[in-house]
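Comments concern the structure below.
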Amino acid sequence: MACDDIAYDDRRLLCGAETVSAAQSDAEGFGPLTPAMFHVLLALAGEDLHGYAILKEVELRTGGKVRLSTGTLYGIIKRLLNDGLIAELRSRPTESEDDERRRYYRMTPQGRQVASAEAERMDEIVSIARSRNLLKKTRMA
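Numbering (my numbering), first residue to last: 15 to 155.
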């Protein structure tokens with residue numbers, strides 16, 4: 015990831031494995047994410063996407079069970095940007111593959127840490143549910 019590919023305001027994004035800022039270095043400080051926020055981070059964990067592509071990725075990955083409205087999505091994007099969990103990209107695809115109205119987003123290293131912490135938290139809950147015989151089979155993604 016090239017640092018100049020990412021737009022940011024007063025936050026300093028560092029290259030490599032370093033995170034956004036010392037104040038936001040603790041992934042646990044973000045607490046449980048809403049399911050919709052987690053779905054957006056999951057969509058961006060695979061690749062950089064624009065808003066409509068995020069909507070479609072969430073819908074595809076959930077088999078249509080989760081459909082985010084554009085209002086919900088852009089509210090989440092605004093919060094994730096403010097929290098430093100995603101960043102808007104400055105670079106764009108070639109003109110033939112792009113629409114100038116689209117904004118592209120990438121998960122930051124801090125966003126990856128927060129999403130990973132959330133996945134671990136959910137895994138612990140599912141493990142407890144299995145131990146109580148609430149889930150019978152292990153499902154593959």
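All residues carry an ideal CB built from backbone N, CA and C; glycine is no exception. Quantities reported herein were computed from a predicted structural model and do not represent experimental measurements.
If the criterion is Cβ atoms closer than 7 Å, does the pair residue i and residue j meet it?
{"i": "T122", "j": "A101", "result": "yes"}
{"i": "Q124", "j": "G98", "result": "yes"}
{"i": "I90", "j": "M51", "result": "yes"}
Tell me, to the nearest whole angstrom, how far the beta carbon of residue i is from that of residue j; I am working on the premise that it is less than 8 Å.
{"i": "A59", "j": "A129", "result": "6 Å"}
Using three-state DSSP, classify residue i as helix, strand or coil.
{"i": "R126", "result": "helix"}
{"i": "L58", "result": "helix"}
{"i": "R104", "result": "coil"}
{"i": "L63", "result": "strand"}
{"i": "R93", "result": "helix"}
{"i": "G43", "result": "helix"}
{"i": "I139", "result": "helix"}
{"i": "S83", "result": "coil"}
Of the residues the options, which one's Cα is nearest the Cα of residue i?
{"i": "R81", "options": "L94, P49, R93, L99", "result": "P49"}
{"i": "R115", "options": "P46, Y66, R93", "result": "Y66"}
{"i": "L47", "options": "K70, R93, G77", "result": "R93"}
{"i": "E73", "options": "V54, D62, E134", "result": "V54"}
Tell me residue i's beta-bridge partners as DSSP assigns them.
{"i": "M121", "result": "I100"}
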